[in-house]
Amino acid sequence: MIKKRISWPNGARCACCVSFDMDADSVLHLTKPNDGFRYVSAISGLQYGPYVAIPRIIDSYKSLNIKQTFFIPAWCVENYPKTVELILESGHEIGVHGYLHENLLDYTLDGERQILEKAMNIFQNYFGYVPKGFRAPLYNFTNNSGELLVEYGFNYDSSLMGDDMPYVITPKNGEIIELPTHWGMDDGPQYIQPFIYTGRPTRSPTSGFEIFKQEFFAAYKYGSLWLPVFHPYASGRLARWDVISSFLEELVSKGDVWFATLGEIATYVRNQIQVGNYHPLKIKVPQYSQ
Ligand SMILES: [Zn+2]
Numbered sequence: 002m003i004k005k006r007i008s009w010p011n012g013a014r015c016a017c018c019v020s021f022d023m024d025a026d027s028v029l030h031l032t033k034p035n036d037g038f039r040y041v042s043a044i045s046g047l048q049y050g051p052y053v054a055i056p057r058i059i060d061s062y063k064s065l066n067i068k069q070t071f072f073i074p075a076w077c078v079e080n081y082p083k084t085v086e087l088i089l090e091s092g093h094e095i096g097v098h099g100y101l102h103e104n105l106l107d108y109t110l111d112g113e114r115q116i117l118e119k120a121m122n123i124f125q126n127y128f129g130y131v132p133k134g135f136r137a138p139l140y141n142f143t144n145n146s147g148e149l150l151v152e153y154g155f156n157y158d159s160s161l162m163g164d165d166m167p168y169v170i171t172p173k174n175g176e177i178i179e180l181p182t183h184w185g186m187d188d189g190p191q192y193i194q195p196f197i198y199t200g201r202p203t204r205s206p207t208s209g210f211e212i213f214k215q216e217f218f219a220a221y222k223y224g225s226l227w228l229p230v231f232h233p234y235a236s237g238r239l240a241r242w243d244v245i246s247s248f249l250e251e252l253v254s255k256g257d258v259w260f261a262t263l264g265e266i267a268t269y270v271r272n273q274i275q276v277g278n279y280h281p282l283k284i285k286v287p288q289y290s291q
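Using our numbering, the first residue of the sequence shown is number 2, and each one after it goes up by one.
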């Protein structure tokens, strides 16, 4: 089923990182720059992420003794610094996720560079922390993203969907480890309503999580990477996180599942490539020159 196999550390059957994109209400202010502040109820639901869900998730990770990765628009550092501090103090990894969750496809190379620099400077100024991981908001990695990530010394990207396994992307100025996921591993299609209720049914916590469980069972069976993309205001809600954290307890108790930050996974994969133990897929980005 999988041609490019890797041996995970300590004989683990698969690697796992439950990643959270802590977008909070950044997207609301991006899409409604003039009057987003008036959407008090929508903001309250989105602020549930930094105020309620993140402390809950951090507690669960602490009791499970695992460190995971959070992608955070730098605007959220300015607006929720205590939450970001809690994540870092607890030993988790934070990655760049735009400034205000911008759709990078709307920007030129210079515009994208300015957003990346602004975001990195904010992490540096607030926490003396330089993130080494990147996930493009909405997964909208552009023709320029790979080159910028190499130029700014990033360890990995986690925006693309080109394999079940970690692989390598090759912009013209170098290489970078890609830790792929896909829309089926995102909680958006299961739970997220836009800012105004559209009548779209919301899945129950167990039925919404079923797709992630099946993805895990395949990763465990075939030795790949299980990389859910969750949002604190969605999957961090009480009943959903109850279901998810119970499943994570089961996985940790198996003893042969490697939970790690994406940074740790990328470093491990890079070392395995360097010593000749892993020969991943290599994909040029952008795929087309025009
Ligand atoms: Zn996001």
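Backbone N, C-alpha and C fix where the C-beta goes; we use that ideal spot for every residue, glycine too.
Where the beta strand (DSSP E) containing residue i begins and where it ends
| i | result |
| --- | --- |
| Ser178 | For the record, residue 178 in the displayed sequence is Ile; it is not Ser. Element bounds for Ile178: 177 to 179. |
| Ala240 | No beta strand (DSSP E) holds Ala240; the alpha helix (DSSP H) holding it covers 239 to 255. |
| Gly96 | 94 to 97 |
| Tyr153 | That residue, Tyr153, is in no beta strand (DSSP E); it is neither H nor E in DSSP. |
| Ser20 | 20 to 22 |
| Tyr168 | 168 to 171 |
| Ile193 | Per DSSP, Ile193 belongs to no beta strand (DSSP E) and is neither H nor E. |
| Lys283 | 283 to 285 |
Between the CA atoms of residue j and residue i - distance to the nearest angstrom
| i | j | result |
| --- | --- | --- |
| Ala235 | Asp188 | 7 Å |
| Asp257 | Tyr100 | 37 Å |
| Val253 | Asp24 | 27 Å |
| Ser29 | Val97 | For the sequence presented, residue 29 should be read as Leu rather than Ser. About 19 Å. |
| Lys173 | Ser146 | 11 Å |
| Ile95 | Gly50 | 15 Å |
| Phe231 | Tyr198 | 20 Å |
| Arg201 | Cys17 | 30 Å |
| Leu89 | Cys77 | 14 Å |
| Pro233 | Ile55 | 6 Å |
| Met2 | Tyr192 | 30 Å |
| Ser20 | His93 | 10 Å |
| Ile266 | Ser225 | 12 Å |
| Leu65 | Val244 | 15 Å |
| Phe196 | Asp22 | 17 Å |
| Asn104 | Asp36 | 19 Å |
| Glu211 | Lys33 | 34 Å |
| Phe128 | Leu87 | 11 Å |
| Gly237 | Gln115 | 31 Å |
| Thr207 | Tyr153 | 41 Å |
Outcome for residue i when other beta-carbon atoms lying within 10 angstroms are tallied against a minimum of 16
| i | result |
| --- | --- |
| Ala261 | buried |
| Asn122 | exposed |
| Trp227 | buried |
| Pro181 | buried |
| Asp26 | buried |
| Asn278 | exposed |
| Lys222 | exposed |
| Ser159 | buried |
| His102 | buried |
| Val85 | buried |
| Gly175 | exposed |
Three-state secondary structure assigned by DSSP to residue i
| i | result |
| --- | --- |
| Leu110 | helix |
| Phe218 | helix |
| Ile266 | helix |
| Trp1 | Beyond the ends of the chain as shown, which are 2 and 291, falls residue 1; an answer cannot be given. |
| Leu101 | coil |
| Phe231 | strand |
| Lys5 | coil |
| Ile67 | coil |
| Phe142 | coil |
| Leu161 | coil |
| Ala13 | coil |
| Gly277 | coil |
| Gly147 | helix |
| Gly224 | coil |
| Gly200 | coil |
| Gly209 | helix |
| Gly129 | coil |
Delimiting residues of the alpha helix (DSSP H) encompassing residue i
| i | result |
| --- | --- |
| Gly46 | 41 to 49 |
| Pro82 | 82 to 90 |
| Thr32 | 27 to 32 |
> Do the segment 59 to 73 and the segment 110 to 117 meet, that is, are 3 or more Cβ pairs less than 8 Å apart?
Replying inline: no
>> Considering only heavy atoms of ligand 3 and the C-beta of each residue, which residues fall inside 6 Å, strictly closer?
In response: Among the ligands in the structure shown, ligand 3 does not appear; only ligand 1 can be found there.
> For the segment 150 to 166 against the segment 278 to 289, are there 3 or more C-beta pairs whose distance is under 8 Å?
Replying inline: yes
>> Check whether the segment 3 to 14 and the segment 262 to 273 are in contact - that is, three or more C-beta pairs closer than 8 Å.
In response: yes
> Do the segment 245 to 252 and the segment 209 to 219 meet, that is, are 3 or more Cβ pairs less than 8 Å apart?
Replying inline: yes
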